[in-house]
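Novice:
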Amino acid sequence: MRLALRLVATLGVLLAIYGLQFGLEHGLNDYVQRIVLLAGINIILAVGLNLINGTTGQFSIGHAGFMAVGAYSAAYVGVRIAGPLHGVLGQGVLANAVIFNAALLVGALFAGISGLVVGMPSLRLRGDYLAVVTLGFGEIIRILFNNATFLGAATGYFGDDPSGLPAYTNFFWVYAWVAVIVVLIHNLTFSQTGRSLIAIREDEIAAEAMATPTTRLKVTAFAISAATAGIAGGLFAHMQAGVRPEDFRFEKSIDMVVMIIVGGLGSISGAIFGGIFLAVSLELMRDLQQYRLVLYALLLIVIMIVRPQGLLGTRELHHVLRRRAKPARPSGDA
Amino acid sequence: MTLLELLKVEKTFGGLRAVHDVSFAVEKGAIFGLIGPNGAGKTTLFNLITGVYQPDRGAIMFAGKDIAGSRPATIAALGVARTFQNIRIFRAMTVEENVMVAGHHLHTASIVDAMLRSRRYENDERALSKRAGELLQILGLADLARETAGSLPYGSQRRLEIARALMLSPQLLLLDEPAAGMNSQEARTLNEQIRFLRDQLGLTVVLVEHNMAVVMSVCDTIHVVDHGETIAEGTAAEVKVHPKVLAAYLGEEPKQAEI
Chain A
2 MRLALRLVAT
12 LGVLLAIYGL
22 QFGLEHGLND
32 YVQRIVLLAG
42 INIILAVGLN
52 LINGTTGQFS
62 IGHAGFMAVG
72 AYSAAYVGVR
82 IAGPLHGVLG
92 QGVLANAVIF
102 NAALLVGALF
112 AGISGLVVGM
122 PSLRLRGDYL
132 AVVTLGFGEI
142 IRILFNNATF
152 LGAATGYFGD
162 DPSGLPAYTN
172 FFWVYAWVAV
182 IVVLIHNLTF
192 SQTGRSLIAI
202 REDEIAAEAM
212 ATPTTRLKVT
222 AFAISAATAG
232 IAGGLFAHMQ
242 AGVRPEDFRF
252 EKSIDMVVMI
262 IVGGLGSISG
272 AIFGGIFLAV
282 SLELMRDLQQ
292 YRLVLYALLL
302 IVIMIVRPQG
312 LLGTRELHHV
322 LRRRAKPARP
332 SGDA
Chain B
741 MTLLELLKVE
751 KTFGGLRAVH
761 DVSFAVEKGA
771 IFGLIGPNGA
781 GKTTLFNLIT
791 GVYQPDRGAI
801 MFAGKDIAGS
811 RPATIAALGV
821 ARTFQNIRIF
831 RAMTVEENVM
841 VAGHHLHTAS
851 IVDAMLRSRR
861 YENDERALSK
871 RAGELLQILG
881 LADLARETAG
891 SLPYGSQRRL
901 EIARALMLSP
911 QLLLLDEPAA
921 GMNSQEARTL
931 NEQIRFLRDQ
941 LGLTVVLVEH
951 NMAVVMSVCD
961 TIHVVDHGET
971 IAEGTAAEVK
981 VHPKVLAAYL
991 GEEPKQAEI
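Which chain is which? The protein sequence lines are A and B, in order.
For the first sequence, the working numbering assigns the number 2 to the initial residue and increments by one for each residue that follows.
For the second sequence, the working numbering assigns the number 741 to the initial residue and increments by one for each residue that follows.
1. Kindly list, in the order they appear in chain B, the residues whose Cβ is closer than 8 angstroms to that of R196 (chain A).
2. Is it buried or exposed, N30 (chain A), if we count other Cβ atoms within 10 angstroms and call 16 or more buried?
3. Which parts of the segment 241-325 of chain A are runs of the alpha helix (DSSP H), unbroken and 4 residues or longer, counting only runs that do not cross its ends?
4. Go through the segment 858-914 of chain B residue by residue and report every complete run of the alpha helix (DSSP H) that reaches 4 residues or more, in order.
5. Would you list, in chain order, the members of the segment 931-946 of chain B that have their beta-carbon closer than 8 angstroms to a beta-carbon of chain A?
6. With 16 as the cutoff for other CB atoms within 10 Å, does D288 (chain A) come out buried or exposed?
7. On the DSSP bridge assignment, give the partners of A799 (chain B) in chain order.
8. Please identify the residue among A:F67, A:I82, A:Y77, A:T156 whose C-alpha is closest to the C-alpha of E140 (chain A).
9. What are the complete beta strand (DSSP E) segments, minimum 3 residues, inside the segment 750-824 of chain B?
10. Who are the neighbours of I199 (chain A) on chain B, taking C-beta pairs under 9 angstroms?
11. Could you tell me the distance, in whole angstroms, from the CA atom of I201 (chain A) to the CA atom of H963 (chain B)?
12. May I ask you to report which of helix, strand or coil DSSP gives D161 (chain A)?
13. T784 (chain B) CB to nearest chain A CB: under 8 angstroms?
14. Any heavy atom of the ligand NAD inside 7 angstroms of the beta-carbon of G165 (chain A)?
15. With 16 other CB atoms within 10 Å as the buried threshold, where does I302 (chain A) fall?
16. Is A207 (chain A) close to chain B, meaning its C-beta is less than 8 angstroms from at least one C-beta of that chain?
17. Going by other Cβ atoms of all chains shown within 10 Å of its Cβ, with 16 needed for buried, is V3 (chain A) buried or exposed?
18. Name the two residues that bound the continuous alpha helix (DSSP H) containing E203 (chain A).
19. When the cut-off is 8 angstroms and only beta carbons count, does T214 (chain A) lie next to chain B?
20. From which residue to which residue does the beta strand (DSSP E) around E973 (chain B) run?
21. Find the residues of chain A that neighbour R712 (chain B), judging by a C-beta separation of less than 7 angstroms, and give them in chain order.
22. Is there a C-beta anywhere in chain B that falls below 8 angstroms from the one on T11 (chain A)?
23. Determine, for D864 (chain B), whether the minimum Cβ-Cβ distance to residues of chain A falls below 8 angstroms.
24. When Cβ atoms are compared, which residues of the segment 99-129 of chain A fall closer than 9 angstroms to chain B?
25. In chain B, which residues lie with their C-beta within 8 angstroms of the C-beta of L52 (chain A)?
26. Answer yes or no: does any C-beta atom of chain B fall closer than 8 angstroms to that of L90 (chain A)?
27. Between T752 (chain B) and the rest of its own chain, which residues show a CB-CB distance below 7 angstroms, the 5 nearest in sequence each way excluded?
28. Pairing CB atoms from the segment 225-241 of chain A with CB atoms from the segment 910-928 of chain B, are three or more of them under 8 angstroms?
29. Put V1 (chain A) into one of helix, strand or coil per three-state DSSP.
30. Looking at T315 (chain A) and G267 (chain A), is the spacing between their C-beta atoms short of 8 angstroms?
31. From the beta carbon of M855 (chain B), is the nearest beta carbon of chain A less than 8 angstroms away?
32. Of all the residues that make up the segment 218-247 of chain A, which are near chain B by a beta-carbon distance shorter than 9 angstroms?
33. Mind the definition here: the segment 165-182 of chain A touches the segment 789-805 of chain B only if three or more C-beta pairs lie below 8 angstroms; say whether that holds.
34. Below 8 angstroms on the Cβ atoms is my contact criterion, and I expect D256 (chain A) with F830 (chain B) to pass it. Report the Cβ-Cβ distance as a whole number of Å.
35. Under a Cβ-count criterion, where at least 16 other Cβ atoms within 10 Å of its own Cβ denotes burial, should R308 (chain A) be classed as buried or exposed?
36. Ignore the nearest five residues each way along the sequence and tell me which others in M776 (chain B)'s own chain have a CB closer than 6 angstroms to its CB.
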């Protein structure tokens with residue numbers, strides 16, 4: 002009964018996304034469609050980063066590195082498994098869907114593993130120190146790709162086909178993954194694990210004294226966060242003809258941090274808003290490309306002055322709407 | 741039966757000898773008071789017992805096992821719960837959530853269970869919430885379960901810390917100045933609550949406290965430290981008239997001083 006209900010709900014959501022895709026592809030031009038896809042990818046990045054930066058309070062500014070790991074491994078694996086799988090499943094939509102999602106999952110796995118490798122030594126540090134170390138690891142990862150000849154080195158990886166990577170990424174897959182990741186991260190945040198992560202943010206000494214395995218939880222959250230960035234990377238890679246190291250520079254990590262700060266650190270709905278906000282505002286600022294970082298800095302300063310907790314603070318949208326009178330964060334049971 | 745025993749414990753911070761050659765034993769089911777003037781090393785002793793600090797020398801036996809040098813989370817999981825002198829509640833969380841955080845032993849669901857909202861997850865949540873409700877009831881905080889913890893008055897925050905510590909289902913409860921900032925009415929209620937914990941929940945309690953009315957009325961045994969060293973141990977009546985204790989508190993030869 003329960004399972005049946007959940008299946009129906011899942012199918013309903015997927016159908017709705019599919020319906021939206023149909024409308025979108027007919028109603029909007031390519032340019033706008035691309036922005037909508039980027040917004041979806043941003044949402045995944047922001048919701049994932051928020052788990053570690055917002056909920057757990059451990060500041061990472063190197064997540065572009067994990068996005069790169071996801072992008073490269075998804076692209077590479079996608080190309081490698083395409084041949085054999087097309088042989089088994091034919092050339093249809095089904096074969097593409099299987100290849101694409103398998104590639105994305107492999108990307109998430111590799112990104113998650115690199116999250117573990119980076120997180121285990123770094124998460125002993127706190128605050129600015131942790132931020133600097135994650136920044137360093139992010140750059141190391143990018144430079145590794147910049148020198149990996151089998152992945153095209155500085156030119157980037159474009160697959161075996163002269164037309165580049167197959168363009169698997171479309172509205173349906175981006176937003177299906179958005180839905181999956183938002184639901185999973187939401188459920189995680191409002192659970193005993195999530196409470197423990199928030200406890201670590203609030204007071205790590207007290208969390209330790211309450212038998213919370215703080216190091217293990219921090220590393221786990223970091224790995225999950227890295228894995229979601231990996232999914233976003235895989236979707237991003239298959240949106241354009243290839244993946245290039247310069248797509249994952251330091252600025253990309255800053256973009257992600259801006260998204261969650263604008264929306265409110267610690268709020269999933271805030272991260273969703275921030276992801277959309279950044280995709281749209283980036284396009285609006287396209288003419289001022291080289292002044293972008295200046296504008297970000299200004300934006301951050303203004304937010305810190307006007308609303309230091311971001312749009313939503315640590316609250317979720319449905320909590321704000323449900324209990325307008327009370328600013329308390331109720332225990333979620335959604 | 742001895743539940744907690746310190747054997748010649750020593751801790752220095754740079755040139756400061758915070759704890760020197762302190763030994764004491766706490767019987768199971770006792771309410772054990774640890775008193776001394778400011779800076780005597782009481783909180784340092786708590787931090788040594790709970791693993792925040794590691795002793796330079798000596799052993800700390802809990803239930804027959806040397807826990808000196810173990811991590812705080814490990815010691816807490818063994819059954820040593822504590823509160824803090826400077827309240828350390830999770831301010832942004834609700835009162836109920838604060839308590840639920842400490843319920844690891846009631847929690848069997850994995851991260852995947854939580855993400856997929858499995859039955860095991862839901863059973864866990866129910867069990868955690870039920871137990872948290874019972875403990876909040878004991879500490880008189882049941883009505884405040886949904887409030888943000890940071891918004892509670894001081895005395896309630898202290899009681900919330902006790903409720904959260906109890907969620908660990910500990911054998912030993914270390915209370916660091918639980919009556920600080922409480923008025924005499926609240927302190928009397930606290931007395932009853934501490935007795936209740938021992939009599940009804942079978943807990944052993946070690947108490948650091950400056951409120952002598954609380955210490956003298958509730959503790960079976962009182963251990964007095966000054967400058968990191970033991971100066972006396974005994975019942976309330978014995979300690980009250982011990983010359984070294986009076987000297988430590990009053991700094992002179994006593995006549996009929998009341999402490």
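The beta-carbon is built from N, C-alpha and C at its ideal position, and this holds for glycine as well.
Specialist: Concretely, from the data shown:
1. Ordered by position in chain B, the residues that pass the 8 angstroms Cβ test against R196 (chain A) are M833, E837, M840, V841.
2. exposed
3. Listed in chain order, the alpha helix (DSSP H) runs fully inside the segment 241-325 of chain A are 251-264, 269-285, 293-307, 318-323, counting runs of at least 4 residues.
4. Counting only runs of 4 or more, we get 859-878, 894-906.
5. none
6. exposed
7. B:L747
8. A:F67
9. DSSP assignment within the segment 750-824 of chain B yields the following whole beta strand (DSSP E) runs of 3 residues or more, N-terminal first: 756-767, 771-775, 797-802, 820-822.
10. F830, A832, M833, E837, V841
11. 34 angstroms
12. coil
13. no
14. Looking at this structure, you won't find the ligand NAD or any other ligand, since it has none at all.
15. exposed
16. yes
17. Contrary to the premise, residue 3 (chain A) reads as Arg rather than Val in this sequence. Exposed, by the Cβ-count rule.
18. 193-203
19. At residue 214 (chain A) the sequence reads Pro, which differs from the Thr that was named. With 8 angstroms as the cut-off, P214 (chain A) counts as an interface residue toward chain B.
20. Per DSSP, E973 (chain B) is one residue of the beta strand (DSSP E) stretching across 969-974.
21. Residue 712 (chain B) lies beyond the residue range present for chain B, which begins at 741 and ends at 999; the question has no answer from this structure.
22. No, its Cβ sits nowhere closer than 8 angstroms to a Cβ of chain B.
23. Under the Cβ criterion of 8 angstroms, D864 (chain B) is counted among the residues facing chain A.
24. none
25. Under the 8 angstroms cutoff, chain B gives no residues; its nearest Cβ is about 12 angstroms from L52 (chain A).
26. no
27. A758, D796
28. no
29. With chain A covering only 2 through 335, there is no way to say anything about residue 1 (chain A).
30. yes
31. yes
32. T221, I225
33. no
34. So it is not a contact: roughly 31 angstroms between Cβ atoms.
35. exposed
36. Looking at the sequence shown, residue 776 (chain B) is not Met but Gly. Closer than 6 angstroms at Cβ, skipping near neighbours: K782, V964, V965, D966.
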